[in-house]
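Taken in sequence, the protein lines are chains A and B. The first sequence begins at 7 in the numbering used here and counts up one residue at a time. The second sequence begins at 827 in the numbering used here and counts up one residue at a time. In what follows, a single structure is set out as structure tokens and then discussed.
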Amino acid sequence: MTRPIRKIMVYVDGSEQSITAAQYAIVLAKALGAELYALYVVDTRALAELVKSRIFLESEQDEYRRDLDGDASRYLNHVRELARRKGVPVSTEKTSGAVHIEIKSKVAELGVDLLVLGEISQIRSRRDELYNETERAMRNAQCPVLVAKGEDKIWDLYEALE
Amino acid sequence: MALIDLIEETVVRAPLKATEKDTVIRELVDTLVQAGKIIDAETAYRSVLDREAKGSTGLEEGIAVPHGKTIAARELTIAIGVSPEGVEFGSMDGKPAKLFFLILAPPDKAGPHIEALAEIARMSRSKAFCSSLASCRSPAEVVRLLKDE
Chain A
7 MTRPIRKIMV YVDGSEQSIT AAQYAIVLAK ALGAELYALY VVDTRALAEL VKSRIFLESE
67 QDEYRRDLDG DASRYLNHVR ELARRKGVPV STEKTSGAVH IEIKSKVAEL GVDLLVLGEI
127 SQIRSRRDEL YNETERAMRN AQCPVLVAKG EDKIWDLYEA LE
Chain B
827 MALIDLIEET VVRAPLKATE KDTVIRELVD TLVQAGKIID AETAYRSVLD REAKGSTGLE
887 EGIAVPHGKT IAARELTIAI GVSPEGVEFG SMDGKPAKLF FLILAPPDKA GPHIEALAEI
947 ARMSRSKAFC SSLASCRSPA EVVRLLKDE
């Protein structure tokens, strides 16, 4: 039987939950001998929405786009460092667009076997359910999805990894 | 992080005492200082005024979303203000603003900042909901309405 999980991708958005997900993905990649990918999506759709609603000026959109690019590099570097400490190779990917669509697309492009996501915020309203990007990624991804819950347990697993 | 997770009664002013644009911003910034959310009122206030100087964040239907990037905020933070009489804010439709969402974020937290603003942009499309919020007369009412939504 071929190994069921050969490629793992973790989605990183800079939240603590997504960093915990990255730690768990590193643990899994090491245990399963899987290839590991980390994805950050620059949410240009939200930026466009803010210009359309006139909350952002055009110049502000450019400024925040640069900020988001900076965030992407910083958080992907952080994941690279977390993986390096445990001797796990990781390929980082940065893309832009609507978050859940980009995740779905990258899963297909890379042939990902398992998508790892951070814990999803409590859904408090119908609006949350419609717009929470992690929730939408979980629903839309065309591969098995793992939601990394239990920060303390994951931290212990990561720390125990040799 | 969902916007609702940032909202508690201590960051809501309903009704606002201020009756002018600058003093509304100042009152909301001071609310965040009193709630222990930011450390330097003057720096935060300046960041919002600098942004407003480039173009008003007064939208339509009585909503304004003043915001700024500032080192005075360690995390994304929001204050909500309600002015029953309305305040001249240079809004797109020329109407006075009654509902204010003031958002401050540190310069290195662009992602959550944009997420919060986008959530408010979506909320502002529901005229009925915004009208209900603008008619709230206490912080408790505002919080209850947002959490029930």
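From the three backbone atoms N, C-alpha and C, an ideal C-beta is built for every residue, glycine too.
Name the chain B residues whose beta carbon is nearer than 7 angstroms to that of residue i?
{"i": "E173/A", "result": "Summary: the structure shown does not reach residue 173/A, with chain A confined to residues 7 through 168, and so no result is reported for it."}
{"i": "A52/A", "result": "I940, E941 and A944"}
Would you call the CB atoms of residue i and residue j closer than 9 angstroms?
{"i": "L832/B", "j": "L56/A", "result": "no"}
{"i": "V855/B", "j": "A905/B", "result": "yes"}
{"i": "Y43/A", "j": "M15/A", "result": "yes"}
{"i": "G39/A", "j": "Y81/A", "result": "no"}
{"i": "E914/B", "j": "E846/B", "result": "yes"}
{"i": "V891/B", "j": "A947/B", "result": "yes"}
{"i": "T857/B", "j": "R839/B", "result": "yes"}
{"i": "A78/A", "j": "A35/A", "result": "no"}
{"i": "E945/B", "j": "L829/B", "result": "yes"}
{"i": "V874/B", "j": "H893/B", "result": "yes"}
{"i": "L930/B", "j": "A898/B", "result": "yes"}
Which chain B residues are close to residue i, counting only those with a beta carbon under 9 angstroms from its beta carbon?
{"i": "I61/A", "result": "T883, L885, V891, H893, L943, A944, I946, A947 and S950"}
{"i": "L74/A", "result": "A936, G937 and I940"}
{"i": "D49/A", "result": "G937, I940, E941 and A944"}
Which of the three DSSP states is assigned to residue i in this structure?
{"i": "F955/B", "result": "helix"}
{"i": "I865/B", "result": "coil"}
{"i": "K159/A", "result": "helix"}
{"i": "A52/A", "result": "helix"}
{"i": "L928/B", "result": "strand"}
{"i": "T845/B", "result": "coil"}
{"i": "I906/B", "result": "strand"}
{"i": "L943/B", "result": "helix"}
{"i": "V891/B", "result": "coil"}
{"i": "L948/B", "result": "It is worth fixing the name first, because residue 948/B is Arg in this sequence and not Leu. Of the three classes helix, strand and coil, the one that applies to R948/B here is helix, per DSSP."}
{"i": "G970/B", "result": "The sequence shown places Arg at residue 970/B, not Gly. In the structure shown, R970/B sits in a helix (DSSP, three-state: H, G or I)."}
Please compile the residues from chain B whose C-beta is within a distance smaller than 8 angstroms of the C-beta of residue i.
{"i": "Y70/A", "result": "A936, H939 and I940"}
{"i": "A166/A", "result": "Neighbours of A166/A on chain B: none; closest Cβ ~29 angstroms, over 8 angstroms."}
{"i": "G20/A", "result": "K935, G937 and P938"}
Assuming residue i and residue j form a contact by the criterion Cβ under 8 angstroms, report the distance between their Cβ atoms to the nearest whole angstrom.
{"i": "A27/A", "j": "G124/A", "result": "4 angstroms"}
{"i": "K13/A", "j": "G117/A", "result": "6 angstroms"}
For residue i, return the contacting residues in chain A, with the cut-off set at a CB-CB distance below 9 angstroms.
{"i": "K880/B", "result": "L63, S65 and E66"}
- Would you list, in sequence order, the uninterrupted alpha helix (DSSP H) runs of no fewer than 4 residues that lie entirely inside the segment 61-144 of chain A? 64-91, 105-116 and 132-137
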